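Undergrad: Protein chains in written order, with the numbering used here: chain W, 5 to 272; chain E, 1055 to 1310.
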């Protein structure tokens, strides 16, 4: 069988590559799915490790505040300027507050906060768990009668899922404030009118749908970090590869799930 | 001393990704209260041999018996119960970087046995004393300790719950001869003090002679010789002779 495959004419080689890649991709989807399921079961069943959960809340949430805040304020400001310029072509500059608020809360707040978390947290999780794998700490944990899934994976999944909506709420407020700052300081908008227009236009669902997205993105970020760290092999090089894969796969899954969630929410 | 096997490998086979078998029908046993040392060259399956016995790897075929019970057939709860009866000193100590020394030693007590942190700390400090480390290191972090001290902390973590079986994975690798001798003495003290069964893997013959009262030579996934440390120098087994004499020529070809 193997000899037959090896003897295939060169013209068939691309098909073999495609076949191998497809099988590898399917295998990975399956193993990520099983990993996610095990992680979810660990989140919802005893024993829990509350101290680990609190530690992750601080590491993932609190220490991500500066980067999320800075990203949000500059994005809000740049978005405001672009909408003002674009709106000016239709003599519709006055819609700037509403569009900034909508764009930040429904889309940019959750997506940018998640991407920041992917870069900062998913990479850190993959590196930490990958290094633990390489130095036999995960094996040691098992021999110490402690399930690494419950001790390492479950607290990170839960913390990231809960904390990203909070970070997104902060990003929403700061992002809208960035737009307001540009509008009032540079574009001569009236501050009170800007705030009133924003508040009157925004609906609860605009913010709520963004927070639901953020919870999904948080789960993805932690899942990819844990999965790639946990399956790391090959020493320092393997840990480096796991870190890269965690960030890249988090980002891709964030964008893909954002599209599907947006489609779902706009139909609802 | 009794001859009842505490731990037994019966026709154990293991291979990875369809490659050559790492363990190829391994048969070996160690009686309760004895100290078995498995020696052999690099890549001969020593680590896999103890990992299947620790329940960290599943054998493809054969059985690993602890007190006559096949550990491959154990479910989650029974497997955790098995883990509670063993202690392991890993090659690089495998200490948790984010935890202090005493939290490392008390890890099982706090996270699996439900012991309060105060009581767990007392027991951890007592275990550190058993490996001749003072209470002063208890609040340090592993990264601030030397390799020898990390091994001692790993040993304290392995013995803190008074296990029935102790596993030592290359206990002296990377240590200077004086520190190696100190670690070997501590291992002998702990094994005798606890009256437990010990299984070690090493290619350090000085260590094997000190800590073992039964030595087995592993080659190509099979046991090719067993005997006492004294018999190690007397046997004319070609594998043992080549290994003990440190010759590149012989029945074993070097992987280098």
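Virtual Cβ for every residue (Gly too), placed ideally from N, Cα, C.
Nothing here was measured: the structure is a model prediction, and the numbers come from that model.
1) In terms of alpha-carbon separation, which member of E:1197, E:1287, E:1143 lies closest to residue 1185 of chain E?
2) Indicate whether at least one CB of chain E lies closer than 8 Å to the CB of residue 60 of chain W.
3) Consult DSSP for residue 1194 of chain E and reduce its assignment to one of helix, strand or coil.
4) Could you tell me the distance, in whole angstroms, from the CA atom of residue 222 of chain W to the CA atom of residue 166 of chain W?
5) Can you tell which of W:173, W:259, W:16, W:232 has the C-alpha that lies nearest to the C-alpha of residue 131 of chain W?
6) Looking at the ligand ADP, does it come within less than 7 Å of residue 1208 of chain E, judged from the CB to the closest heavy atom?
7) What are the complete beta strand (DSSP E) segments, minimum 3 residues, inside the stretch 1075-1102 of chain E?
8) Would you report the Cα separation of residue 1207 of chain E and residue 253 of chain W, rounded to the nearest angstrom?
9) Under the DSSP definition of a beta bridge, which residues are partnered with residue 1019 of chain E?
10) Going by beta carbon distance, what residues of the same chain come within less than 6 Å of residue 227 of chain W, once the five residues before and after it are set aside?
11) Who pairs with residue 66 of chain W in a beta bridge, going by DSSP?
12) Smallest Cα separation from residue 261 of chain W: which of W:154, W:216, W:176, W:26?
13) Compute the beta-carbon to beta-carbon distance between residue 1226 of chain E and residue 1261 of chain E, rounded to the nearest angstrom, for a pair I have assumed lies under 8 Å.
14) Who are the neighbours of residue 1110 of chain E on chain W, taking C-beta pairs under 8 Å?
15) Would you please verify whether the beta carbon of residue 231 of chain W is less than 8 Å from any beta carbon of chain E?
16) Below 7 Å on C-beta distance, what does residue 1146 of chain E contact in chain W?
17) Based on Cα-Cα distance, which residue from E:1267, E:1257, E:1274, E:1258 lies nearest to residue 1283 of chain E?
18) Is any beta-carbon of chain C found at less than 8 Å from that of residue 1138 of chain E?
19) Which full runs of the beta strand (DSSP E) of 3+ residues lie inside the stretch 1207-1276 of chain E, going along the chain?
20) For residue 67 of chain W, which of W:171, W:267, W:209, W:180 has the nearest alpha-carbon?
21) Do you know offhand how far residue 1168 of chain E's Cα is from residue 1192 of chain E's?
22) For residue 129 of chain W and residue 1187 of chain E, I'd like the C-alpha separation in whole angstroms.
23) Going straight from the alpha carbon of residue 146 of chain W to that of residue 33 of chain W, what length do you get?
24) Between the stretch 1240-1251 of chain E and the stretch 1084-1091 of chain E, can you find at least three pairs of beta-carbon atoms closer than 8 Å?
25) Using the C-alpha atoms, what's the distance from residue 153 of chain W back to residue 42 of chain W?
26) Quick check on the burial criterion: 16 or more other C-beta atoms within 10 angstroms. Buried or exposed for residue 1071 of chain E?
TA: Concretely, from the data shown:
1) Indexing the second chain from 1 puts residue 1185 of chain E at position 131. Among E:1197, E:1287, E:1143, the Cα nearest to that of residue 1185 of chain E belongs to E:1143.
2) Mapped onto the first chain, residue 60 of chain W falls at position 56. So, not an interface residue.
3) Looking up residue 1194 of chain E in the second chain gives position 140. Coil at residue 1194 of chain E, not helix or strand.
4) Your numbering for residue 222 of chain W matches position 218 in the first chain. Your numbering for residue 166 of chain W matches position 162 in the first chain. The alpha-carbon atoms of residue 222 of chain W and residue 166 of chain W are separated by roughly 7 Å.
5) Along the first chain, read from residue 1 onward, the residue named residue 131 of chain W stands at position 127. That would be W:232, whose Cα lies nearest to the Cα of residue 131 of chain W.
6) With respect to small molecules bound, the structure shown includes none, and the ligand ADP cannot be examined in it.
7) For the stretch 1075-1102 of chain E, whole beta strand (DSSP E) runs of length 3 or above, ordered along the chain, are 1075-1085, 1089-1093.
8) Your numbering for residue 1207 of chain E matches position 153 in the second chain. Your numbering for residue 253 of chain W matches position 249 in the first chain. Approximately 38 Å between the Cα atoms of the pair.
9) Since the first and last residues shown for chain E are 1055 and 1310, residue 1019 of chain E lies out of range.
10) The residue labelled residue 227 of chain W in the question sits at position 223 within the first chain. These residues qualify, in order along the chain: 40.
11) To locate residue 66 of chain W, count along the first chain from 1; it is residue 62. According to DSSP, residue 66 of chain W bridges with nothing at all.
12) In the first chain, residue 261 of chain W corresponds to position 257, counting from 1. Checking every option, the nearest Cα to that of residue 261 of chain W belongs to W:216.
13) In the second chain, the residue the question calls residue 1226 of chain E occupies position 172. In the second chain, the residue the question calls residue 1261 of chain E occupies position 207. Sure, about 5 Å apart at Cβ, within 8 Å.
14) One-based indexing of the second chain puts residue 1110 of chain E at position 56. Within chain W, the residues whose beta carbon sits less than 8 Å from that of residue 1110 of chain E are 143, 146, 147, listed in sequence order.
15) As a position in the first chain, residue 231 of chain W is number 227, starting the count at 1. Output row for residue 231 of chain W: interface = no.
16) Taking the second chain and counting its residues from 1, one reaches residue 1146 of chain E at position 92. Result: 139, 140.
17) As a working mapping, residue 1283 of chain E is identified with position 229 in the second chain. The shortest C-alpha separation from residue 1283 of chain E is found at E:1267.
18) No chain C appears in this structure, whose protein chains are W and E.
19) 1219-1223, 1251-1256, 1268-1273
20) In the first chain, the residue the question calls residue 67 of chain W occupies position 63. It is W:171 whose Cα lies nearest to the Cα of residue 67 of chain W.
21) In the second chain, the residue the question calls residue 1168 of chain E occupies position 114. In the second chain, the residue the question calls residue 1192 of chain E occupies position 138. Straight-line Cα distance between these residues: approximately 20 Å.
22) For the purposes of this step, residue 129 of chain W is taken as residue 125 along the first chain, with counting starting at 1. For the purposes of this step, residue 1187 of chain E is taken as residue 133 along the second chain, with counting starting at 1. Each residue's Cα considered, the two are about 32 Å apart.
23) The sequence position of residue 146 of chain W within the first chain is 142, counting from 1. The sequence position of residue 33 of chain W within the first chain is 29, counting from 1. Cα to Cα, residue 146 of chain W sits roughly 26 Å from residue 33 of chain W.
24) Enough Cβ pairs lie closer than 8 Å, so yes.
25) Taking the first chain and counting its residues from 1, the one referred to as residue 42 of chain W is at position 38. Taking the first chain and counting its residues from 1, the one referred to as residue 153 of chain W is at position 149. In a straight line, the C-alpha of residue 42 of chain W is about 8 Å away from that of residue 153 of chain W.
26) Stepping through the second chain from its first residue, residue 1071 of chain E is reached at position 17. By the neighbour-count rule (16 or more Cβ atoms within 10 Å), residue 1071 of chain E is not buried but exposed.
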